[in-house]
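Just so you know, the protein sequences line up as chains A and B, in that order. Numbering of the first sequence is given in the working numbering, commencing with residue 4 and proceeding in unit increments. Numbering of the second sequence is given in the working numbering, commencing with residue 4 and proceeding in unit increments. Note that CB positions come from ideal geometry on N, CA and C, so glycine has one too. First comes the structure, then the notes that go with it.
There are 2 protein chains.
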Amino acid sequence: MNSHRSWVQPFLTTKSLLPENQESPIEFIESDTVDSRLFYRRNHFLYPVFPFNSYWLPIGGAVTRSKLFSMDDLFRFPSKTIKIVLECAGNKRRLFNPKVYGEQWDKGAISQAVWKGVPLRILLESAGIKEGAKEVVVEGYDYGPRSDLNQVYPYARSLPLEKAMDSDTIIAYEFNGRPIPFQHGYPLRLIAPQWYAMASVKWIKHITVMDSEFSGPFQSIDYVYYPHKDNEKDARPVTEMNVNSTIQNPKDMDILNAGTHIINGIAWTGKGRITMVEVSLDKGHTWKQAEIQRHGSTEYSWVRWSYKWTAAERGEYKIMSRASDSFKRKQPSQPFWNRKGYGYNAVDHIKVKIE
Amino acid sequence: MNSHRSWVQPFLTTKSLLPENQESPIEFIESDTVDSRLFYRRNHFLYPVFPFNSYWLPIGGAVTRSKLFSMDDLFRFPSKTIKIVLECAGNKRRLFNPKVYGEQWDKGAISQAVWKGVPLRILLESAGIKEGAKEVVVEGYDYGPRSDLNQVYPYARSLPLEKAMDSDTIIAYEFNGRPIPFQHGYPLRLIAPQWYAMASVKWIKHITVMDSEFSGPFQSIDYVYYPHKDNEKDARPVTEMNVNSTIQNPKDMDILNAGTHIINGIAWTGKGRITMVEVSLDKGHTWKQAEIQRHGSTEYSWVRWSYKWTAAERGEYKIMSRASDSFKRKQPSQPFWNRKGYGYNAVDHIKVKIE
């Protein structure tokens, strides 16, 4: 694509620097994994400072014997390597209407990479889970003040025991075949496939098994769907990713020649697998099946899809894409509006003009 | 600002790669000149290939004697060094409503740099301008097909003789104290201060004095204000920049604490100089004067402005900025809509929430 000049390349799109929040140029991502230069960055606080040269991972709480693992200990356990989509729960927040406060993510708060690590289950079993254990809290080294509370908090999240024990929930130490880049959680990051990425805690400080419900602010205040503007009624936690798709080509508001064009993009889900992607060129009246390229796609990865469109007549067109998954979930025509702007997954659409 | 980690930095925002169109992260630009890493890039075609190691600049047409200048010839002429704003005529196109086709520039198709070169006037006078000369055409080495015409065109633009003879219209060979980066027109770029940047032709191939009106497509089709959607009535050429301002801080849809916040940004104009920047916090009912920092600003540069705002009460606020210039031009509350989306300069505004 960039053959005309090798230095013509896309960049992250800057949303904020303190903390660093930058999104992937998702419409220009053609590779199956995103390298750290273009992998989206989402932070709640400034980058942490900690002695990662003498790093130890403690596991405690409701366990038979507290453990302290060195990196070498972790390397000796059986490992698991998985290719997964990580998507910020706020991805596409900018598209909500009425608009929602907070980082105005466009469509690029999502990336894909291969992570390798130890299944969390192995570590928990080696520590011995006590009866009555309910959740596993993972706390990162990042911390700071919150604008709504007069206190400093670390970034910490819990997983229900069942999710923590899933054999694909891993304590990762590699990203695309190398040590995890510092921005993405070096030396250890929790990887919780299928959940929005707030669950995949970076720079792990310690792991605690709890026999009660964890109530940190990133669990009880943020990452909660609040369907109403002014009250907390019907609030429920953000967990697994919704079924979703994004059109990569053409670009929104492009002017194209009459003729044949390839419409393509990605589709992903947090439940089961993508079974169908449809494209509409008549504002949703009729839908045609796009071709799904499964080559290289795995259980937790996005799929690429494409549709060959012959635009014979001049005029303005709306191009829409809609993905469905094996749990019979389908992208809705309208997003589920919620006050904090999580989980946007309405049908994707762009407009083009044929000249 | 980035002291917490020196590698936390903003990037260009990618709009397209073929040709390369990327905008400056303008809200994060704190320096008075923008280096080539963050200077916006706007191309009509792929980057040109030409023998710039044996480069010569020809001047011909309605002149007494055609000339061929070497780079060394140019370096021997008196030089002029100017700090100027370059703004793409399509800057802020994304904000038009109804939406307009073409590259969806946000607020970052604008940058500032110091350019050094020979006044075009000196070169024209050395060639001898014939009586009846009307325009000076500058053609770049970049060329390619257009989607609306079945022909390949070079990028070329004319200046009226008067603008070409302005002592501040230069044939630049330096950008921020160094040879011009290839992306920005190496080895020579026309710099026409105060005009939208389509006039500042890159990679100059030749200069031609004309005794008639130039009608290339980048002059007769593009860079024309068409006020009506379906006809060419009242069309007029895009020339000098409109008076304009952009809020840099806070960011749109930020959530802030109650307390004092600095609202700041830049303001610029293509006619005279900025005389006033006002800020409104009540949807435009009342306006307060912002403080203008003239330190470092010059005749053609942007100015920085700031306003100290004490947000005592919780709630949602619209922050607006409005610049005025010495020709009594003031940003309008509504943009002048035109079919190709040029010259957007309505009052800038963002929203924030105080918690």
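| Asked | Found |
| --- | --- |
| Assigned secondary structure, B:Gln-25 (DSSP; H/G/I helix, E/B strand, else coil) | strand |
| Chain B contact for A:Thr-313 (CB, 7 Å cutoff) | no |
| Same chain only: Cβ atoms within 7 Å of B:Pro-184, ignoring 5 sequence neighbours per side | Ser-39 and Phe-178 |
| The segment 36-48 of chain B: positions lying closer than 7 Å to chain A by Cβ | none |
| Of the listed residues B:Tyr-303, B:Glu-90 and B:Lys-311, nearest to B:Glu-281 (C-alpha basis) | B:Lys-311 |
| Other residues of its chain near A:Asn-5: CB distance less than 8 Å, five sequence neighbours each side excluded | The predicted model places A:Asn-5 with a pLDDT of 36, which falls under 50 and marks its position as unreliable; any figure quoted below should be read in that light. Closer than 8 Å at Cβ, skipping near neighbours: Val-11 and Gln-12. |
| Whether A:Lys-236 touches A:Arg-342 by CB criterion (7 Å) | no |
| Contact set between B:Lys-102 and chain A, taken where Cβ atoms lie within less than 7 Å | Met-256 |
| Backbone secondary structure at A:Lys-95 - three-state DSSP | coil |
| Span separating the alpha-carbon of B:Arg-149 from that of A:Pro-220 | 54 Å |
| CB contact check: B:Val-11 to chain A, cutoff 7 Å | yes |
| Nearest-angstrom Cα separation, counted from B:Arg-68 out to B:Glu-30 | 48 Å |
| 8 Å Cβ cut-off: residues of chain A touching B:Asp-151 | Glu-358 |
| Members of the segment 283-305 of chain A near chain B, C-beta cut-off 7 Å | none |
| Segment contact flag, the segment 122-142 of chain B with the segment 17-35 of chain B, C-beta cutoff 8 Å, min 3 pairs | no |
| Length-filtered (4 minimum) alpha helix (DSSP H) runs lying within the segment 238-263 of chain A | none |
| Residue ranges of each alpha helix (DSSP H) within the segment 139-214 of chain A, 4 or longer | 164-167 |
| Through-space distance from A:Val-155 to A:Pro-61, alpha-carbon basis | 22 Å |
| Reduced DSSP secondary structure (H/G/I, E/B, other) of A:Ser-223 | helix |
| Exposure of A:Arg-371, with buried meaning 16 or more beta-carbon neighbours within 10 Å | What is shown of chain A runs 4 to 358, which leaves residue 371 of chain A out entirely. |
| Contact set for B:Val-37: own chain, Cβ-Cβ below 7 Å, skip 5 residues either direction | Ser-27, Ser-114, Gln-115 and Ala-116 |
| Chain A contact for B:Ser-6 (CB, 7 Å cutoff) | Legend: pLDDT at B:Ser-6 = 40, less than 50; position of this residue unreliable, no value from coordinates given. |
| Straight-line gap, A:Leu-259 to A:Asn-348 (C-alpha atoms, nearest Å) | 27 Å |
| Which of helix, strand or coil DSSP assigns to A:Ser-57 | helix |
| Coarse secondary structure for B:Arg-124, derived from DSSP in three states | helix |
| Among A:Glu-243, A:Asn-234, A:Ile-277 and A:Tyr-228, the one whose alpha carbon lies nearest that of A:Ser-203 | A:Glu-243 |
| Reduced DSSP category for B:Glu-281 - H, G, I as helix; E, B as strand; rest coil | strand |
| Min CB distance A:Leu-28 to chain B below 7 Å | According to the sequence provided, residue 28 of chain A is Pro. The question's Leu does not apply to it. By this cut-off, A:Pro-28 is an interface position. |
| Where A:Glu-106 sits in the DSSP three-state scheme | coil |
| Between the CA atoms of B:Val-139 and B:Ser-223 - distance to the nearest angstrom | 15 Å |
| Candidates A:Lys-291, A:Lys-356 and A:Phe-217, of which the one nearest A:Glu-319 by Cα | A:Lys-356 |
| Under the three-state DSSP convention, the category B:Arg-332 falls into | coil |
| Proximal residues to A:Arg-97 (C-beta, below 7 Å), its chain only, five neighbours per side dropped | Gln-107, Trp-108 and Asp-109 |
| According to DSSP, residues forming a beta bridge with B:Ser-9 | None; B:Ser-9 has no bridge partner. |
| Contact list for A:Asn-56 against chain B, beta-carbon separation under 9 Å | Correct list: empty, because the minimum Cβ distance to chain B is about 17 Å. |
| DSSP-derived helix/strand/coil call for A:Lys-130 | The sequence given here has Ala at residue 130 of chain A, not Lys. Here A:Ala-130 sits in helix by DSSP. |
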